[in-house]
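>
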Amino acid sequence: MTTDLLRSSRSFIEGIIARIRANWPRIPPQDTRSRTWARRVETLRDLPDLYRPFLDCLPAAHTEPFPYTVLTPTFKDIPRRAEREKLICLLGSELLILEDIDDHLKQTRFPLAGRCLVERGVILLQAWITVRGETSGGGSASTTLRYNSVTDHIMAPFVDRLRPSPAVTSAVDLDAERERFNYLAQTHYKFYSHGRSSILPGARVQHILLQPELRRTKFTFLGYSLSRRLSPAHLVILTDTELILIRDDESQYWLKGAAHGAIWSYVPRSLIASLAFTPGEQGLLTLHVKLKDGADLQAPFESSAEPDLRRLIQALPT
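Per the numbering used here, numbering through the sequence shown is continuous, rising by one, with the last residue being 335.
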C-alpha cells in the first residue's frame, strides 16, 4: 500500500513538473547579455540597411579603407536609461554619431583631438561615454553612448581620439611619467592603477592630487560611530595637455569598502577658463574647474590640501 502511494505521488509530481516545463517561457538560444554589447562593424556589408545609404554617399576617402565603426546597443527597459541604437564612426578628423529618430537619421559630428569634454564611466557591467562640446557645424551638443563594460575595449579608441594628442617626442619617458603614481600603490591601489593607465604616450604629468573619501562622524555611542559621506574619493591629474578627474561613483553610498568601478573626466586645457578653490561646507575646500562654455566642475578637498591646490592652480596659468 505504501509503495502504491509513493508511486502515485511521484506520478502526480512528475505530471506537475511536465506542465510547468510545457508552459515555461522559452529562453532564446543566444545569450541575452550580448544584446547590451557594443559591436564592431568592419565592412560596409556588415552595416544594418538603415545606415548603409548614408555611408554610401560619403567620399571614398572616408570609406576606403572602411573607418573604425561601432554599433551601440538599444536600452529600452531600463528606467531613466532608455537609449536608442547609435552608429559611431571615426571619419577623418571627426567623430560621427548616427541615431534613428522617427525613421530619420540624426547625425552629430564632434571634432577630435581635444576639442570636447569627454566622460567615461565603468561601473560593474554598466559603461558609458558622454561627449559634450562644440560640434563640427558650430553648434553645441551632448551625446551619451551606453554599452556593457565587457565591450569597453571596443569603445576605447573613440575616447583616445577625442582626447588631446600630446606632442610625441623622445624626450618624454612614458614609464617615468607613470612611475610618478607609485606613491599611491600601497594605500590607494585602484587610483594608482587608473592614474597610470590614463597617461597617454608623450604627455607630461605636472601635478597629482588625491583626495580619499570624505566622511564626517555624526555621533558615537558605546564605541560605535555613525558617519556620513560627504564626497567619494577622487584623483586630479594635470598634464601638459589636459586635466583628468577620476572619481568613485557617488551613488554607491551603501557600499562598505572601495566603490566598484570609476568615472573619468578628460578636460582639454584649451577648454578651461580658470581654476580656483573656495571655502565649502564642513570646513572643506571646493576646487572649481570652470570651462569656457560656462560649466563648473567641482571637487571637494580637505583644508590640509590647500598648498597642493595652490600649486595645481599655478601649474595652469590663464
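Even glycine gets a Cβ: it sits at the ideal position worked out from N, Cα and C. Note that this is a predicted model, so its numbers are computed, not measured.
#1: Under 8 Å, do residue 329 and residue 315 count as touching if we go by C-beta distance?
#2: Could you check whether residue 127 and residue 116 sit closer than 8 Å to each other, using their CB atoms as the reference points?
#3: Which residues mark the beginning and the end of the beta strand (DSSP E) in which residue 223 is found?
#4: Check the DSSP bridge columns for residue 122 and list the partner residues they point to.
#5: Do the stretch 173-191 and the stretch 131-144 meet, that is, are 3 or more Cβ pairs less than 8 Å apart?
#6: Can you tell me the Cα-Cα spacing of residue 307 and residue 285, whole angstroms?
#7: If you draw a straight line from the C-alpha of residue 213 to the C-alpha of residue 119, how long is it?
#8: Residues in the same chain with beta-carbon distance under 7 Å from residue 222, minus the five sequence neighbours each way, listed in chain order, please.
#9: I believe residue 89 touches residue 55 by the beta-carbon criterion, under 8 Å. Please report the beta-carbon distance rounded to the nearest angstrom.
#10: Can you find a C-beta in chain B that's less than 8 Å from the C-beta of residue 66?
#11: Reducing DSSP to helix, strand and coil, say where residue 317 ends up.
#12: If you draw a straight line from the alpha carbon of residue 141 to that of residue 276, how long is it in whole angstroms?
#13: Does the stretch 99-106 come into contact with the stretch 154-168, if we say contact requires no fewer than three beta-carbon pairs (one atom in each stretch) closer than 8 Å?
#14: From the DSSP output, in three-state form, read off residue 80 for me.
#15: Could you have a look at residue 298 and say whether DSSP puts it in helix, strand or coil?
#16: Using a 10 Å radius around the Cβ and a threshold of 16 neighbouring Cβ atoms, would you call residue 228 buried or exposed?
#17: With DSSP as the reference, identify every bridge partner of residue 307, one or two as the case may be.
#18: Alpha carbon to alpha carbon, how far is residue 262 from residue 251? Give it in angstroms, no decimals.
#19: Taking 7 Å as the limit between beta carbons, can you name the residues of its chain near residue 91, skipping five residues before and five after?
#20: Excluding the five sequence neighbours on either side, which residues of its own chain have a C-beta within less than 6 Å of the C-beta of residue 43, listed in chain order?
#21: Between which two residues does the alpha helix (DSSP H) containing residue 331 stretch?
#22: Return the first residue and the last residue of the beta strand (DSSP E) that residue 138 is part of.
#23: What three-state label does DSSP hand residue 277 in the structure shown?
#24: Please classify residue 125 as buried or exposed, where buried requires at least 16 other C-beta atoms within 10 Å of its C-beta.
#25: DSSP state of residue 56, grouped into three classes?
#26: Put residue 264 into one of helix, strand or coil per three-state DSSP.
#27: Considering only the beta carbon of each residue, do residue 289 and residue 333 sit closer than 8 Å?
#28: Distance, Cα to Cα, residue 105 vs residue 208?
#29: Quick one: using the 10 Å Cβ neighbour count with 16 as the cut-off for buried, is residue 121 buried or exposed?
#30: Classify residue 70 as buried or exposed, calling it buried when 16 or more other Cβ atoms lie within 10 Å of its own Cβ.
#31: Can you grab the Cα-Cα spacing for the pair residue 310 / residue 156, in whole Å?
#32: In angstroms, rounded to a whole number, what distance separates the CA positions of residue 259 and residue 130?
#33: Beta strand (DSSP E) containing residue 194: first to last residue?
Taking the definition as stated:
#1: For this step, residue 329 is matched to residue 312 along the sequence shown. For this step, residue 315 is matched to residue 298 along the sequence shown. No. Outside cutoff.
#2: If you number the sequence shown from 1, residue 116 lands on position 99. If you number the sequence shown from 1, residue 127 lands on position 110. Not in contact: residue 116 and residue 127 (Cβ atoms no closer than 8 Å).
#3: For the purposes of this step, residue 223 is taken as residue 206 along the sequence shown, with counting starting at 1. 222-228 is the extent of the beta strand (DSSP E) around residue 223.
#4: Residue mapping note: residue 122 aligns to position 105 of the sequence shown, counting from 1. Residue 122 pairs with 117.
#5: yes
#6: Within the sequence shown, residue 307 is the residue found at index 290, counting from 1. Within the sequence shown, residue 285 is the residue found at index 268, counting from 1. In a straight line, the C-alpha of residue 307 is about 12 Å away from that of residue 285.
#7: What you label residue 213 is simply residue 196 of the sequence shown in a count that begins at 1. What you label residue 119 is simply residue 102 of the sequence shown in a count that begins at 1. Those two C-alpha atoms are separated by around 44 Å.
#8: Counted from its first residue, the sequence shown places residue 222 at position 205. Within the same chain, residue 222 has close Cβ partners 194, 197, 216, 254, 256.
#9: For the purposes of this step, residue 89 is taken as the residue at position 72 of the sequence shown. For the purposes of this step, residue 55 is taken as the residue at position 38 of the sequence shown. Sure, about 5 Å apart at Cβ, within 8 Å.
#10: Annotation note: the requested chain B is absent from the structure, which comprises a single protein chain.
#11: Here the question's residue 317 lines up with position 300 in the sequence shown. Looking at residue 317 - three-state DSSP - the assignment turns out to be strand.
#12: As a first step, residue 141 is located in the sequence shown; it is residue number 124 there, counting from the start. As a first step, residue 276 is located in the sequence shown; it is residue number 259 there, counting from the start. C-alpha separation (whole angstroms): 10 Å.
#13: yes
#14: In the sequence shown, the residue the question calls residue 80 occupies position 63. Three-state DSSP puts residue 80 in a helix.
#15: Mapped onto the sequence shown, residue 298 falls at position 281. The answer is helix: DSSP assigns residue 298 an H, G or I state.
#16: Position 211 of the sequence shown, counted from the first residue, corresponds to residue 228. Residue 228 should be labelled buried.
#17: As a working mapping, residue 307 is identified with position 290 in the sequence shown. In the DSSP output, where bridge partners are listed per residue, residue 307 has 291, 313.
#18: Position 234 of the sequence shown, counted from the first residue, corresponds to residue 251. Position 245 of the sequence shown, counted from the first residue, corresponds to residue 262. So the two alpha carbons sit approximately 7 Å from each other.
#19: Residue mapping note: residue 91 aligns to position 74 of the sequence shown, counting from 1. Result list for residue 91: 100, 101, 102, in chain order.
#20: The residue you call residue 43 lines up with position 26 of the sequence shown. Confidence is the limiting factor: at residue 43 the pLDDT is only 44, short of 50, which leaves the residue's position unreliable and the question unanswerable from this model.
#21: Position 314 of the sequence shown, counting from 1, holds the residue named residue 331. Where residue 331 is concerned, the enclosing alpha helix (DSSP H) stretches over 323-331.
#22: The residue given as residue 138 occupies position 121 in the sequence shown. Looking at the DSSP string, the run of the beta strand (DSSP E) that includes residue 138 is 133-140.
#23: Position 260 of the sequence shown holds residue 277. Looking at residue 277 - three-state DSSP - the assignment turns out to be coil, as it is neither helix nor strand.
#24: One-based indexing of the sequence shown puts residue 125 at position 108. When all chains shown are included, residue 125 counts as buried.
#25: Taking the sequence shown and counting its residues from 1, the one referred to as residue 56 is at position 39. Correct three-state label for residue 56: strand.
#26: Taking the first residue of the sequence shown as 1, we reach residue 264 at position 247. Reduced to three states, the DSSP call for residue 264 is strand.
#27: As a first step, residue 289 must be located in the sequence shown, where it is residue number 272. As a first step, residue 333 must be located in the sequence shown, where it is residue number 316. Against a cut-off of 8 Å, the Cβ pair of residue 333 and residue 289 comes out as a contact.
#28: As a working mapping, residue 105 is identified with position 88 in the sequence shown. As a working mapping, residue 208 is identified with position 191 in the sequence shown. If you take the alpha carbons of residue 105 and residue 208, they lie about 30 Å apart.
#29: Position 104 of the sequence shown, counted from the first residue, corresponds to residue 121. The residue is exposed, with fewer than 16 neighbouring Cβ atoms inside 10 Å.
#30: Residue 70 sits at position 53 when you count from the first residue of the sequence shown. Per the 10 Å Cβ criterion, exposed.
#31: By 1-based counting over the sequence shown, the position of residue 310 is 293. By 1-based counting over the sequence shown, the position of residue 156 is 139. Distance between the alpha carbons of residue 310 and residue 156 is about 12 Å.
#32: As a first step, residue 259 is located in the sequence shown; it is residue number 242 there, counting from the start. As a first step, residue 130 is located in the sequence shown; it is residue number 113 there, counting from the start. If I take the Cα positions, the gap works out to 11 Å.
#33: Translated into the one-based positions of the sequence shown, residue 194 becomes position 177. Element bounds for residue 194: not the beta strand (DSSP E) but the alpha helix (DSSP H), 191-195.
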